[in-house]
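Heads up: the structure comes next, in structure tokens.
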Amino acid sequence: MTDYKVDNTVDITDVVCPVTFVKAKVALEELDDGQILSIHMNDGEPVQNVPRSIKEEGHQILKLIENQDGTYDLIVKKVED
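Just so you know, the sequence shown maps onto residues 29 to 109 in this note's numbering.
Structure, rendered in structure tokens:
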């Protein structure tokens, strides 16, 4: 059971680094502080780079979920600027 409600979802499976982080960052900027974003992404570079970059921006990583199709969902809480 989750202890959060996802407010928005962005799918970055169709783009490659560094655009993956750019799309995730833009989606986060559209949220209010404290809201939750789910980022749907591929394995490989996105899973290695996007969580690290989001954390460096000061946001909170809540969970990284591995899906059965080889993709991942990164759950992020937007933290005040």
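Where is the CB? At the ideal position from N, CA and C, for every residue including glycine.
Around the beta carbon of Y100, a 10 Å sphere encloses 16 or more other beta carbons of the protein chains shown; the residue is thus reported as buried.
Excluding its 5 nearest sequence neighbours in each direction, E73 has C-beta neighbours in its own chain below 8 Å: V44, C45, T48, listed in chain order.
Comparing C-alpha distances from D35 to each of I67, V50, D42, T41 shows the shortest one belongs to I67. Judged by DSSP in its simplified three-state form, I40 adopts coil rather than helix or strand. For V54, the enclosing alpha helix (DSSP H) stretches over residues 47-57. Within the same chain, Cβ atoms closer than 7 Å to the Cβ of N70 are found at T41, T99, the five residues on either side in sequence being excluded.
Across the structure, L92 and I103 are spaced so that their CA atoms are roughly 6 Å apart.
Take the alpha-carbon of V75 and the one of A52: they are about 12 Å apart.
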